[in-house]
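In my numbering, the protein residues as written are 1 to 251.
Quick reminder that beta carbons are idealized off the backbone N, C-alpha and C, glycines included.
Here is the structure we will look at, set down as structure tokens.
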Ligand code: DGL
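Below, the structure written as structure tokens:
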């Protein structure tokens, strides 16, 4: 079984890509909505939450865990791998490398939570892959909550407020470095205007999951939340178009 977790609905953007590549895999998706959002918490708080979510998935029999959250990956991936040797962890990282290859203006915008930018991982990526490129790290502290609340029906003004400064500074490529953001990609693209490339790392992460995890099983998907199961079920229907049961768990 492959476990996936996020603070909320964001990781569903990764789940749908994994499901498309691994139709037989048994997937368990855990939304830690009692602690959502992760992106404005300290690195230590996010590390604790990520450990709790991972431990729960491993107890249920996961042989691989997808940290379907940039914030938790940035804060905790290294610690999770150290703490659970022998378990395969696949995480998210801001797609700085493909963005650096794609930009023509030489300016790239990275949209993520504040905590993702606090972790060392981000500066490492820029140092390794973006020589000669201007990388604008733009925190969007309110977007994950917006997607949790409104799904993809978010107010376009709130989107433009974060997108416009980055575009006005010359970016022609935007990295969606939070798994909630693919659900508002069309609003981000509209605010950015023509000629701007959006990069969503979810398909590449799903390919990595397909390479390293066991994709055999009966093709089941189990949804869990630490929050309100009825609300999460409604969110899943809205964002993925499927009707499903959700169980509440405590961590
Ligand atoms: N979806 C998450 C991410 O990729 C976390 C958003 C949040 O909880 O703040 O960063």
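Would you check whether the ligand DGL has a heavy atom nearer than 7 angstroms to the C-beta of residue i?
| i | result |
| --- | --- |
| residue 144 | yes |
| residue 116 | yes |
| residue 70 | yes |
| residue 178 | yes |
| residue 237 | no |
| residue 54 | no |
| residue 225 | no |
| residue 8 | yes |
| residue 252 | A query on residue 252 cannot be resolved here, the shown segment of the chain reaching from 1 to 251 and no further. |
Could you spell out where the beta strand (DSSP E) holding residue i opens and where it closes?
| i | result |
| --- | --- |
| residue 89 | 88 to 91 |
| residue 221 | 221 to 225 |
| residue 204 | From DSSP, residue 204 is part of no beta strand (DSSP E) but of the alpha helix (DSSP H) over 202 to 212. |
| residue 25 | No beta strand (DSSP E) holds residue 25; DSSP gives it neither H nor E. |
| residue 196 | That residue, residue 196, is in no beta strand (DSSP E); it is neither H nor E in DSSP. |
| residue 3 | 2 to 6 |
| residue 138 | 134 to 139 |
For the alpha helix (DSSP H) that residue i lies in, which residues bound it at each end?
| i | result |
| --- | --- |
| residue 56 | 43 to 59 |
| residue 157 | 156 to 168 |
| residue 149 | 143 to 150 |
Return the chain-ordered list of same chain residues with a C-beta closer than 6 angstroms to the C-beta of residue i, the five sequence neighbours on each side being excluded.
| i | result |
| --- | --- |
| residue 95 | 175, 199 and 201 |
| residue 107 | 134, 170 and 171 |
| residue 113 | 39, 71 and 178 |
| residue 140 | 111 and 162 |
| residue 64 | 2, 88 and 213 |
| residue 4 | 11, 15, 29, 66 and 68 |
What residues in its chain sit with their C-beta under 7 angstroms from that of residue i, if we drop five residues either side in the sequence?
| i | result |
| --- | --- |
| residue 192 | 163, 167 and 174 |
| residue 160 | 191 |
| residue 247 | 224 and 229 |
Buried or exposed: which applies to residue i, given that a residue is buried once 16 or more other Cβ atoms fall within 10 Å of its Cβ?
| i | result |
| --- | --- |
| residue 212 | exposed |
| residue 220 | exposed |
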